[in-house]
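J.: First, the structure itself, so that you have it in front of you.
There are 2 protein chains.
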Amino acid sequence: MNDQHSIKAPGAAQTLPETGNPEAVNKRQSQIVKKASRLFIKKGYAQTTMRDISKATGINLGNLYNYISSKEDILCLAFETYHDPAVAWLERKGVLDIEDPKEQLQTALHQILIMTHDVMNDILMMYRETRVLPPKFLKIVLKKESDLVDFFEKIITRGMEKKVFRVRDPFFAANMLVFQLSLYPLRSWNLKRYTRDEFLALAEETILKAIIPDYA
Amino acid sequence: MNDQHSIKAPGAAQTLPETGNPEAVNKRQSQIVKKASRLFIKKGYAQTTMRDISKATGINLGNLYNYISSKEDILCLAFETYHDPAVAWLERKGVLDIEDPKEQLQTALHQILIMTHDVMNDILMMYRETRVLPPKFLKIVLKKESDLVDFFEKIITRGMEKKVFRVRDPFFAANMLVFQLSLYPLRSWNLKRYTRDEFLALAEETILKAIIPDYA
DNA sequence: ATGCTAAACAGACGTATGTTTTATTTCAGA
DNA sequence: TCTGAAATAAAACATACGTCTGTTTAGCAT
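Each protein sequence line maps, in turn, to chains A and B.
To convert, note that position 1 of the first sequence is 1 in the numbering used here; the numbers rise steadily by one, no gaps.
To convert, note that position 195 of the second sequence is 411 in the numbering used here; the numbers rise steadily by one, no gaps.
So this is what it looks like as structure tokens:
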């Protein structure tokens, strides 16, 4: 186990093919990350060997190290792949511009519930393997997660001011909301009786009911 | 890694001190499990070595195997230690006998929230290391967790019949409730601003509000 | 004291792992 | 056709790990 966590940003491998075709390198890299993620999901990070990853990607073991700098690096890249979109999406899609807080919250929640559901395996993996991340990178991940909470806190606070939401503590409510997004990823084993849409509807209603008085 | 998961119940080690003092052996065993759990919490299961455990317990590496049958066994014992009480407690304490569903739910939730909070590190560890459990034992763990959900489902259903609770789907509500118990263990890094009691009050209120109409 | 036995111990064993290296092959472009 | 970067296969390397073995220690009944 490499204990000295590299300072460099993950993904900035030390020794990649000299220059070559940088975009081809990136493509290969994300191919590796995608396949490796499946293995991390299925067997766990520690139980997945570089030889497994080599076999799964069809890329020779030695050659792997031309595209990633370490096994740990692959995990960091996996976190980036599945964490970034969720956080970025809401801000792009103009959710911030919706005037009615109720509609705003509903829209944001609906979309992010769907996204969460679609990458549930990756989310479960992230919950499990967070400990392996180098501290430097862990901080970045937690920051992004915290940003998502802040995003919802703002929505909730605004709804409070407009008297359409009612919670005791917006920050707490936002934390609970974001946490609830992981219900399915973390508890799917006990929720198999619901179809995807049944679940999404139930979750949405339950979460909104906690914030919007006399909801539906 | 030992891939052939032993059939035997964990804890039933193959080769323990011949007869000796069986209660002294058990004491030593739980001492090992307790210390090892701290290490699993701090560094993760895979990153904790038997040598770490030896050092932490002060028990010689080879001697450890007189008290536990494998590293995996220690993890199973840790799950038992921290999982059993939570499930068993409610049934013993006469919560089932409380007539008023509202008071019943409130009492059960209050107590289990406290318990959860006190062993939050262990719960986080369990969420992370579930994958390592041998399938046989995993089934047992999930069964216990599922029993807890059923426990709350029953309470909720009874409250529904008495028209004092209102949820769309009692099973779903129970799942959500049990999941919400893990808010602090899984998200403590973002909830440090609350004191223990502040958090417990907020959590209790939020969870109850989702089930009891016009609560508080 | 003596002899017995469970417990403690140090060290070794075999394997698996992340990573690197080396020698060989492929193949697009000049 | 020649060249050189990229891919491959295989092996090597260093280390870390779980587990086991053979031996010593220490408490205790005789």
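Ideal placement from N, C-alpha and C gives every residue a C-beta, glycine not left out.
Just checking A:Ala36 against the ligand GDP - is the residue's beta carbon closer than 8 angstroms to any of the ligand's heavy atoms?
T.: No copy of the ligand GDP occurs in the structure displayed, which carries no ligand at all.
J.: Mind reading off the beta-carbon distance from A:Ile53 to A:Leu39? Whole number of angstroms is fine, and I expect it under 8 angstroms.
T.: On the first sequence, position 53 is the one that residue 53 of chain A refers to. On the first sequence, position 39 is the one that residue 39 of chain A refers to. Correct: roughly 6 angstroms between the Cβ atoms.
J.: B:Pro317 and B:Ile371: beta carbons closer than 9 angstroms?
T.: One-based indexing of the second sequence puts residue 317 of chain B at position 101. One-based indexing of the second sequence puts residue 371 of chain B at position 155. Yes. Within cutoff.
J.: Taking a contact to mean a Cβ-Cβ separation below 9 angstroms, would you say A:Phe152 touches A:Leu105 in this structure?
T.: On the first sequence, position 152 is the one that residue 152 of chain A refers to. On the first sequence, position 105 is the one that residue 105 of chain A refers to. A contact, by the Cβ cut-off of 9 angstroms.
J.: Please go through the same chain and pick out, in chain order, the residues whose beta-carbon is closer than 7 angstroms to the beta-carbon of A:Leu142, but skip the five residues on each side of it.
T.: Counting from one through the first sequence, the residue named residue 142 of chain A turns up at place 142. Same-chain partners within the cutoff: there are none.
J.: If you count every other CB in all the chains shown that lies within 10 Å of the CB of A:Thr130, and 16 or more means buried, which is it?
T.: Taking the first residue of the first sequence as 1, we reach residue 130 of chain A at position 130. Flag for A:Thr130 reads buried.
J.: Under the rule that 16 or more other beta-carbon atoms within 10 Å means buried, what is B:Thr411, buried or exposed?
T.: On the second sequence, residue 411 of chain B is found 195 positions in, with the first residue counted as 1. So B:Thr411 counts as exposed.
J.: Report the three-state DSSP secondary structure of B:Ile223 (helix, strand or coil).
T.: Translated into positions along the second sequence, residue 223 of chain B becomes position 7. Unreliable placement is indicated for B:Ile223, whose pLDDT of 31 sits below 50; no coordinate value is reported for it.
J.: Could you name the residues of chain A that B:Trp405 contacts, counting a contact when the two beta carbons are closer than 7 angstroms?
T.: Within the second sequence, the letter at position 189 stands for residue 405 of chain B. Ordered by position in chain A, the residues that pass the 7 angstroms Cβ test against B:Trp405 are Leu142.
J.: Of all the residues that make up the region 383-407 of chain B, which are near chain A by a beta-carbon distance shorter than 9 angstroms?
T.: Within the region 383-407 of chain B, the qualifying residues are Val383, Arg384, Asp385, Phe387, Phe388, Ala389, Asn391, Met392, Val394, Phe395, Gln396, Ser398, Leu399, Leu402, Arg403, Trp405, Asn406, Leu407.
J.: Nearest by alpha-carbon distance to B:Asp413: which of B:Met392, B:Met331, B:Val348, B:Asp366 is it?
T.: As a position in the second sequence, residue 413 of chain B is number 197, starting the count at 1. Here the closest residue by C-alpha is B:Met331.
J.: Given that A:Ala46 touches chain B, what residues does it touch there, using C-beta distances under 7 angstroms?
T.: Mapped onto the first sequence, residue 46 of chain A falls at position 46. The answer, in chain order, is Ala262.
J.: From the DSSP output, in three-state form, read off A:Ile123 for me.
T.: Reading the first sequence from its first residue, position 123 is the one you call residue 123 of chain A. Of the three classes helix, strand and coil, the one that applies to A:Ile123 here is helix, per DSSP.
J.: Does the separation of the CB atoms of A:Ala86 and A:Leu186 fall below 9 angstroms?
T.: Indexing the first sequence from 1 puts residue 86 of chain A at position 86. Indexing the first sequence from 1 puts residue 186 of chain A at position 186. Cβ atoms of A:Ala86 and A:Leu186: not closer than 9 angstroms.
J.: Under 7 angstroms between beta-carbons, which chain A residues line up against B:Glu421? List them in chain order, please.
T.: Indexing the second sequence from 1 puts residue 421 of chain B at position 205. Here the neighbours are Arg168.
J.: Taking the Cβ atom as the reference point for each residue, do A:Leu90 and A:Ser30 lie within a distance shorter than 9 angstroms?
T.: Translated into the one-based positions of the first sequence, residue 90 of chain A becomes position 90. Translated into the one-based positions of the first sequence, residue 30 of chain A becomes position 30. No. Outside cutoff.
J.: Quick check: the Cα distance between A:Met125 and A:Gly44, rounded to an integer number of angstroms?
T.: Here the question's residue 125 of chain A lines up with position 125 in the first sequence. Here the question's residue 44 of chain A lines up with position 44 in the first sequence. If I take the Cα positions, the gap works out to 8 angstroms.
J.: Between B:Ala252 and B:Ile284, what straight-line distance do the alpha-carbon atoms span, to the nearest angstrom?
T.: Translated into the one-based positions of the second sequence, residue 252 of chain B becomes position 36. Translated into the one-based positions of the second sequence, residue 284 of chain B becomes position 68. Their backbone Cα atoms lie some 12 angstroms apart in a straight line.
J.: Could you tell me the distance, in whole angstroms, from the CA atom of A:His117 to the CA atom of B:Tyr281?
T.: Here residue 117 of chain A refers to the residue found at position 117 of the first sequence. Here residue 281 of chain B refers to the residue found at position 65 of the second sequence. So the alpha carbons of these two residues sit roughly 43 angstroms apart.
J.: Residues of chain B with a CB under 8 angstroms from the CB of A:Ser146: which are they?
T.: As a working note, residue 146 of chain A is residue 146 in the first sequence. Here the neighbours are Asn406.
J.: Can you tell me whether A:Glu18 is helix, strand or coil according to DSSP?
T.: Locating residue 18 of chain A in the first sequence gives position 18, where the first residue counts as 1. Confidence in A:Glu18 is poor, its pLDDT being 43 and thus under 50, which makes the residue's placement unreliable; the coordinate value appears in the next sentence. Note: A:Glu18 maps to coil in three-state DSSP.
J.: So B:Thr422 is in the alpha helix (DSSP H); what residue range does that whole segment cover?
T.: Numbered from 1 along the second sequence, position 206 holds the residue referred to as residue 422 of chain B. First-last of the alpha helix (DSSP H) with B:Thr422: 412-425.
J.: With distances taken between CB atoms, is the gap from B:Met392 to A:Ala108 smaller than 9 angstroms?
T.: Translated into positions along the second sequence, residue 392 of chain B becomes position 176. Translated into positions along the first sequence, residue 108 of chain A becomes position 108. Not in contact: B:Met392 and A:Ala108 (Cβ atoms no closer than 9 angstroms).
J.: In the DSSP assignment, find the alpha helix (DSSP H) that holds A:Ala108 and state where it starts and stops.
T.: Within the first sequence, residue 108 of chain A is the residue found at index 108, counting from 1. Segment 101-118, the alpha helix (DSSP H) holding A:Ala108.
J.: Only counting runs of 4 or more residues, tell me where the alpha helix (DSSP H) segments fall wholly within the region 264-309 of chain B, in order along the chain.
T.: Taking only runs of at least 4 residues, the alpha helix (DSSP H) segments lying wholly in the region 264-309 of chain B are 266-273, 277-280, 287-308.
J.: Leaving out five residues on either side along the sequence, give the residues of the same chain with a beta carbon under 6 angstroms from the beta carbon of A:Leu208.
T.: The residue given as residue 208 of chain A occupies position 208 in the first sequence. Here the set comprises Tyr215.
J.: Does any residue of chain A bring its CB to less than 9 angstroms from the CB of B:Thr346?
T.: Sequence index remark: in the second sequence, residue 346 of chain B carries index 130 (1-based). Chain A, which has a Cβ nearer than 9 angstroms to the Cβ of B:Thr346, makes this yes.
J.: Does the Cβ-Cβ distance between B:Gln327 and B:Val311 come in under 9 angstroms?
T.: As a working note, residue 327 of chain B is residue 111 in the second sequence. As a working note, residue 311 of chain B is residue 95 in the second sequence. Contact: yes.
J.: Following the continuous alpha helix (DSSP H) through B:Asp366, name the residue where it begins and the one where it ends.
T.: In the second sequence, the residue the question calls residue 366 of chain B occupies position 150. Its alpha helix (DSSP H) spans residues 351-377.
J.: How is the alpha helix (DSSP H) around A:Pro170 delimited, first residue to last?
T.: Working through the first sequence from its first residue, we reach residue 170 of chain A at position 170. Per DSSP, A:Pro170 belongs to the alpha helix (DSSP H) from 170-180.
J.: Which residues of the region 301-315 of chain B have a Cβ closer than 8 angstroms to any Cβ of chain A? Give them in chain order.
T.: So nothing in the stretch comes that close.
J.: Specify the secondary structure class of B:Lys408 as computed by DSSP and reduced to three states.
T.: As a first step, residue 408 of chain B is located in the second sequence; it is residue number 192 there, counting from the start. In the structure shown, B:Lys408 sits in coil (DSSP, three-state: anything other than H, G, I, E or B).
J.: Under 9 angstroms, do B:Pro429 and B:Arg384 count as touching if we go by C-beta distance?
T.: Here residue 429 of chain B is taken as the residue at index 213 of the second sequence, counted from 1. Here residue 384 of chain B is taken as the residue at index 168 of the second sequence, counted from 1. It is not a contact, given that the beta carbons lie outside the stated cut-off.
J.: What whole-angstrom Cβ distance do B:Thr422 and A:Ala210 have, given they're in contact under 8 angstroms?
T.: As a first step, residue 422 of chain B is located in the second sequence; it is residue number 206 there, counting from the start. As a first step, residue 210 of chain A is located in the first sequence; it is residue number 210 there, counting from the start. Confirmed, about 6 angstroms.
J.: According to DSSP, simplified to helix, strand and coil, what is B:Ile314?
T.: Locating residue 314 of chain B in the second sequence gives position 98, where the first residue counts as 1. It is coil, neither helix nor strand.
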